[in-house]
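Counting in my numbering, the first sequence runs from 40 upward without gaps. Virtual Cβ for every residue (Gly too), placed ideally from N, Cα, C.
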Amino acid sequence: MLEHMKIASFNVNSIRARLPIVTKWLNDNQVDVLCLQETKAQDKDFPAESFSDIGYNCSFKGQKSYNGVAVISKHKIENPTFGLDSEPKDEPRLAAARIKGANIVNTYIPQGFEPDSDKFQYKLNWYDRLLQYLDKHYKPGDLLVWTGDLNIARDDRDLHDPEKLYGSVCYHPDVHKALNKIMDWGFTDTFRMHCDEPAKYTFWDYRLRNAFKRNLGWRLDYIMATKPLADKCTECIIDTAPRQLERPSDHTPIVANFNI
DNA sequence: ATGGTCGGCAACCGA
Numbered sequence: 040m041l042e043h044m045k046i047a048s049f050n051v052n053s054i055r056a057r058l059p060i061v062t063k064w065l066n067d068n069q070v071d072v073l074c075l076q077e078t079k080a081q082d083k084d085f086p087a088e089s090f091s092d093i094g095y096n097c098s099f100k101g102q103k104s105y106n107g108v109a110v111i112s113k114h115k116i117e118n119p120t121f122g123l124d125s126e127p128k129d130e131p132r133l134a135a136a137r138i139k140g141a142n143i144v145n146t147y148i149p150q151g152f153e154p155d156s157d158k159f160q161y162k163l164n165w166y167d168r169l170l171q172y173l174d175k176h177y178k179p180g181d182l183l184v185w186t187g188d189l190n191i192a193r194d195d196r197d198l199h200d201p202e203k204l205y206g207s208v209c210y211h212p213d214v215h216k217a218l219n220k221i222m223d224w225g226f227t228d229t230f231r232m233h234c235d236e237p238a239k240y241t242f243w244d245y246r247l248r249n250a251f252k253r254n255l256g257w258r259l260d261y262i263m264a265t266k267p268l269a270d271k272c273t274e275c276i277i278d279t280a281p282r283q284l285e286r287p288s289d290h291t292p293i294v295a296n297f298n299i
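As C-alpha cells, this is what we get:
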C-alpha cells in the first residue's frame with residue numbers, strides 16, 4: 040500500500056459524452072484510482088488513450104448502449120477481472136483489480152425498474168450473488184474497497200423525500216436487507232464515518248426540473264472499506280464541482296482518502 | 001408538479 044491513497048467513484052452516464060469532465064477532474068484531483076460506471080461504450084470505443092495521455096492506466100469492460108465499468112489508475116492495475124462468478128456474469132457491471140496492494144471491486148448494480156418486476160428480483164439476486172462473490176474471493180480482514188453505484192439510498196438522510204419514496208426500488212426494505220447482509224460481512228460506509236448530515240447526495244434525476252439546484256437528490260454511490268482500510272480512512276467527500284460544468288452527469292464523484 | 005431529461009443510437013430502452 041501507498042502511504043496515501045485516494046480512491047474515487049463516478050457514474051459518468053457515458054464516458055464519451057463526459058470525457059472532458061472526467062479528464063479535467065482527474066487533472067484537478069490527481070486521485071490514485073477512479074472507478075467509473077455506466078461508461079456506455081464497447082471496448083473498441085473506450086477512449087483509453089485520453090487517459091494514458093494524462094498518466095493513467097485503465098481496465099474496462101463495456102457493451103453496446105448500456106452499463107459498462109472501468110478502473111482508471113495512476114499505478115499498475117494487477118489481475119483485472121470482470122463479472123460475478125455465476126451466470127449471468129454481467130461483466131459490464133463488475134470490475135475487480137489489485138492496485139498497490141489494495142483490492143478494488145467496482146460495481147454498477149442493477150437499478151430494478153419497479154418493485155413488482157422481474158428486474159427488481161434480479162437486483163435482489165444480484166446482491167446475493169455479490170455477497171457470494173466477495174466471500175469466495177476475499178476475507179473481511181483483507182485490504183478491500185467495494186465501490187460504485189449501488190442503486191440504494193441507505194436511510195432517511197440519503198434521499199430528498201423518504202416518506203414518499205419509501206418502497207421504490209432504490210429505497211425498499213428488501214434492498215436494505217440485501218445491502219445490510221453485505222455490510223455485516225465486513226464493510227464500513229466511509230462517507231458516514233465522517234459525516235452524519237442529511238441531504239448529502241451523489242445523484243439528481245434529470246427528469247426533475249432543477250433537481251440539483253433544489254437538491255432533490257439521492258445518495259446512491261458509495262466507497263465501502265473493510266475494517267483494516269476503514270481504520271485508515273481520513274476523509275470521504277462528495278465532490279459537486281463537476282456539476283457546475285457543461286453537460287454534467289446525473290451523478291457526481293465521491294472520493295475517499297486512506298493513510299497507511 | 002402522477003410530470004420531466006438525458007445518452008445511445010437510430011425506434012425506443014434504461015435511468
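Report task. Compare the C-alpha of residue 137 against each of 152, 166, 74 and name the closest. Result -> 74
**Report entry** C-beta atoms of residue 172 and residue 123 nearer than 8 Å
**Finding:** yes
Query - the segment 203-221 / the segment 278-288 touching (three or more Cβ pairs under 8 Å) - result: no
Query raised in the report: Roughly how many angstroms separate the alpha carbons of residue 259 and residue 133, rounded to a whole number?
Result: 16 Å
**Report entry** Residues that DSSP places opposite residue 115 in a beta bridge
**Finding:** Beta-bridge pairing links residue 115 to no other residue.
Query raised in the report: Sorted by chain position, which residues of the same chain lie with C-beta nearer than 6 Å to residue 144's C-beta, five sequence neighbours on each side aside?
Result: 135, 185
Report task. Indicate the three-state DSSP secondary structure (helix, strand or coil) for residue 190 in the structure shown. Result -> coil
Query raised in the report: To the nearest whole angstrom, what separates the beta carbons of residue 297 and residue 272, a pair I think is in contact under 8 Å?
Result: 5 Å
Query raised in the report: Just checking my contact of residue 183 with residue 120 at CB under 8 Å: how many whole Å lie between their CB atoms?
Result: The Cβ separation is near 14 Å, so there is no contact.
**Report entry** Minimum C-alpha distance to residue 71 - residue among 85, 62, 95
**Finding:** 95
Requested in this report: Measure the beta-carbon distance from residue 105 to residue 79 and round it to whole angstroms, keeping in mind my assumption that it falls under 8 Å.
Outcome: 7 Å
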